[in-house]
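Student:
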Amino acid sequence: MTLTKQLWLAVVAIMTIAFGISFLVSAWSAKNYLEDQLRLKNIDNANSLALSMSQMDKDPVLIELLVSAQFDIGHYKQIKLVSPTGKLMIERVNEDANDTVPVWFVSLIPLAAQPGVAQVQDNWRQYGTLTVISNNGFAYQALWKGNIRLLLWFFAGAILSGVIGTLILRAITRPLGEVVKQAEAIGARKFITIEEPRTREFRSVVRAMNALSGQVRGMLDEESARLERLRRDAQHDALTGLVNREHFLSKMRSALEDDNAAPAGGLFFVRLPDLVKMNKELGRESTDALLKLLANALQESCPDESCLIGRMNGSDFAVLAPDVDSVAECARQISAHALLSINDPSSTTEHTVLLGAAIYRHGEALSQVLSRADMALNRAEVEGGSAVEMDTANVEWKPAASLVSAWQVLIETALNLNRVQFATYPVLSGKGELIHYEAPARLQVIQSSLWMPAQEFMPWASRLGLIERIDEAVFEHALVWLQSNDGPVCINVSPQSVCNPVLLTRYYQALKTHPGIAGKLWIDIPEFVAYRHAREFRVFCDTLKPLGCKIGLEHVGNQICHMGELYDVGLDYLKIDRAIIRDIDQNQGNQTFLRGLCTIAHTMGMMTLAEGVLNQREAMCLNELGFKGMTGPGIVLP
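Per the UniProt record's numbering: the sequence shown = residues 1 to 638.
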């Protein structure tokens, strides 16, 4: 029972008791007063009438007329005249019932007023005894109306007290609602804090819960920092801070295989020649400083976050630049910036940098791309100096204006004709149970042709500003698909759509009109969006999650140090990037990192899902590490 109901019951009980006591006291006082007044009236009327009768002739007719006249003009219940011998001479009785007062009320408060008795004289002898009893109906009416007014006043007082009490109770317990929300949020692994209320009892509770949330947040921050250190130890070069060879190759393999990756790009191998000679001439510290300068130069020359830079071995570095317009121009810029950074104008020593570049296409074998880039680097080394060599196996990736225009027509036509659908790939639990279907977008750009995978048209859609239209079309198709299919489906939402309030409103209205479907819709958002567009990301989650859909991050792995910032978002899951999952059964460093990641994710109420699982060895290892589900080429429905 709510506090408000209990308050009203208490008010009703108190006011009922108060009314009962007031009724008894007032009724008793009024009864005594009315009985006394009726007694005096009876005596006065009896004496007055007896005096009048004593002074007139004792003609029975006249006496009866006088009694009748007095009875008719007054309010009497009974008037009777009895002779000295006890013989009834005259009697008038009012037998009319009082219909305005309930019988039970009359029985509850009986008015027993003493009758008025007077002697009627006939000169010096007694003529008779006169008895007068006034009608008490008017007294009962006054008593009844008085108690009705008392009841109404008490009823009004109870209503007023209840309303005022409710308002006061709401003001007092308003912080309790915030406390309940905080407790529910903590139960949902959202460790929020709230402002301490003025009420002392609530303040102590809120302070304790805020302290709990703060401690958990501190623990999450510490664990996130520890995981970040583990990740860097497992994936990064200790000297330069760049990713190591294993992680670079794993990320590149993902770029070649992932459906959402760019259709083409450039791979650049950079070498600082004669490293052994430098060590002897300059010393270990100077050589290390030179390597750091080169690493920083590569990072500065490739500021785009989609680029990946790694150290392959002692003197070799690699740059992966997806969707670059001109690989040759990019190669010249990287080489020029590297030379400028590692050479001191005041020094007589001139350092050289060799660069070999290759263009890759989505779907190529990793070994082939590496081999072409390596051969280009070898040619640069043979040429000497600071040579830049390009592999000629693929044509230059630079879309012409006519090609851009053609793609715009194809994509817009497909969207206008609703030629949009998605493929479905299962995400299964460790027991083989379906968690949801991943649903990458597909377009039919030409009628009756094959459905084009996302990696072929998404880069063009991004260039043309059509990503949001594709996201909305896939979302609408998902709603239709869910109406006729049982399995939950997971769609991808781009950063542009997350940051678009108009599109978010459309999503909200559509899901609100389909409440049964919302619970079966999962939404993947790229990891970096949660931190680079934190405000828009939180608005997106706060708007759609109450409707029942599940929201999580995909390609997780590079922003682990910021995971503690998600303490109050309430995400449902994390999909770990396939570059970390690849060969996990053979990588002890990544195993340690992922085990800790699963622990902190589960603490925050998020399930961990693995992307790009290739075989059962990886799947078994992931189960042991604490993953709740996985997807990839090696995961199929039983």
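Backbone N, C-alpha and C fix where the C-beta goes; we use that ideal spot for every residue, glycine too.
1) Should residue 303 be labelled buried (16 or more other beta-carbon atoms within 10 Å of its own) or exposed?
2) Can you give me the C-alpha to C-alpha distance between residue 93 and residue 69, rounded to a whole angstrom?
3) With DSSP run on the structure shown, which of helix, strand or coil describes residue 58?
4) Less than 6 Å between C-beta atoms, sequence neighbours within five positions excluded: which residues of the same chain meet that for residue 278?
5) Would you check if the distance between the CB atom of residue 192 and the CB atom of residue 268 is smaller than 8 Å?
6) How big is the Cα-Cα spacing for residue 437 and residue 424?
7) Taking the runs of the beta strand (DSSP E) that are 3 residues or longer, which of them lie wholly in the segment 578-612?
8) Going straight from the alpha carbon of residue 649 to that of residue 495, what length do you get?
9) Please return the same chain residues whose Cβ sits closer than 7 Å to the Cβ of residue 84, not counting the five positions on each side in sequence.
10) With respect to the beta strand (DSSP E) encompassing residue 515, which residues constitute its N-terminal and C-terminal limits?
11) Could you name the residues of the same chain whose beta carbon sits closer than 7 Å to that of residue 200, not counting the 5 residues immediately before and after it, in chain order?
12) According to DSSP, what are the bridge partners of residue 133?
13) Nearest to residue 118 by alpha carbon, out of 111, 81, 327?
14) For residue 635 and residue 428, I'd like the C-alpha separation in whole angstroms.
15) Return the first residue and the last residue of the beta strand (DSSP E) that residue 354 is part of.
16) Suppose contacts are defined by Cβ-Cβ distances below 8 Å. Is residue 509 in contact with residue 531 by that definition?
17) Looking at the structure shown, is residue 419 part of a helix, part of a strand, or coil, going by DSSP?
18) For residue 466, which three-state DSSP category applies?
19) Below 8 Å on the Cβ atoms is my guess for residue 253 versus residue 582; work out the distance and round it to an integer in Å.
20) Grab me the residues of residue 275's own chain with a C-beta within less than 6 Å of its C-beta, minus the 5 sequence neighbours each way, in chain order.
21) Can you tell me the Cα-Cα spacing of residue 543 and residue 592, whole angstroms?
22) Excluding sequence positions up to five away, which residues of its chain have a Cβ less than 6 Å from the Cβ of residue 323?
23) Count the other CB atoms within 10 Å of the CB of residue 524; is the residue buried (16 or more) or exposed (fewer)?
24) How is residue 224 classed by DSSP in three states: helix, strand or coil?
25) What whole-angstrom Cβ distance do residue 290 and residue 351 have, given they're in contact under 8 Å?
26) By how many angstroms is the C-alpha of residue 391 removed from the C-alpha of residue 371?
27) Use the C-beta contact count for residue 550: other C-beta atoms within 10 angstroms, 16 or more gives buried, fewer gives exposed.
28) Under a three-way DSSP split, which group does residue 296 fall into?
29) In three-state DSSP terms, what is residue 429?
30) Just to confirm, are residue 270 and residue 319 a CB contact at a threshold of 8 Å?
31) Using the beta-carbon count (16 or more within 10 Å), is residue 347 buried or exposed?
32) Determine the closest residue to residue 181 out of 478, 168, 195, with distance taken between C-alpha atoms.
33) CB residue 578 to CB residue 629, shorter than 8 Å?
34) Expressed to the nearest angstrom, what Euclidean distance is found between the alpha-carbon atoms of residue 572 and residue 547?
35) Would you mind reading off the limits of the beta strand (DSSP E) that contains residue 268?
36) Grouping DSSP H, G and I as helix and E and B as strand, with all else coil, what is residue 251?
Tutor: The relevant details are as follows:
1) exposed
2) 13 Å
3) coil
4) 287
5) no
6) 5 Å
7) 607-610
8) No answer is possible for residue 649: the residues shown for the chain start at 1 and end at 638.
9) 126, 128
10) Element bounds for residue 515: not the beta strand (DSSP E) but the alpha helix (DSSP H), 515-518.
11) none
12) 78
13) 81
14) 7 Å
15) 354-361
16) no
17) coil
18) coil
19) 6 Å
20) 314, 315
21) 36 Å
22) 262, 265, 459
23) buried
24) helix
25) 7 Å
26) 10 Å
27) buried
28) helix
29) strand
30) yes
31) exposed
32) 195
33) no
34) 14 Å
35) 264-271
36) helix
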